[in-house]
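Single-structure report; data block below.
Numbering (our numbering), first residue to last: 828 to 908.
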């Protein structure tokens, strides 16, 4: 039963610096960086959503805080020496 609730791995992409691409990103303008897991946690009292981006080994790579007002802040973790 525990297998039913495993987090799905999704492709993590990097968008190259493209001038005024708008809402359209061409496949030639991106590169796939790897696979990640995305987890959502929500604080009901303060209206803050926390997105955790993890790699395939469950190491947290990015923490994003999103307020109910629409503002967001991100913390990117780099484990390299």
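Where a beta carbon is used, it is the ideal one built from N, C-alpha and C, also for glycine.
**Study point:** Spatially closest choice to residue 902 from 895, 887, 896, 894, by CA coordinates
**Key:** Position 75 of the chain shown holds residue 902. The option with the nearest alpha carbon to residue 902 is 887.
Point to revise | C-alpha distance - residue 870 paired with residue 876, whole-angstrom precision | key: For this step, residue 870 is matched to residue 43 along the chain shown. For this step, residue 876 is matched to residue 49 along the chain shown. Those two C-alpha atoms are separated by around 6 Å.
**Study point:** Assigned exposure category for residue 864 - 16 Cβ within 10 Å defines buried
**Key:** The count along the chain shown starts at 1 and reaches residue 864 at position 37. Buried.
Review point. Looking only at its own chain, which residues have a Cβ that is under 8 Å from the Cβ of residue 862, when we skip the five neighbours before and after it?
Key: For the purposes of this step, residue 862 is identified with residue 35 of the chain shown, where counting begins at 1. Excluding positions up to five away in sequence, the list reads 836, 837, 838, 839, 882, 883.
**Study point:** Reduced DSSP secondary structure (H/G/I, E/B, other) of residue 856
**Key:** Along the chain shown, one-based indexing puts residue 856 at 29. Helix at residue 856.
Practice item. May I ask which residues mark the beginning and end of the beta strand (DSSP E) holding residue 882? Key: Indexing the chain shown from 1 puts residue 882 at position 55. Per DSSP, residue 882 belongs to the beta strand (DSSP E) from 875 to 882.
**Study point:** Proximal residues to residue 873 (C-beta, below 7 Å), its chain only, five neighbours per side dropped
**Key:** By 1-based counting over the chain shown, the position of residue 873 is 46. For residue 873, where only same-chain residues beyond five positions count, there are no Cβ hits under 7 Å.
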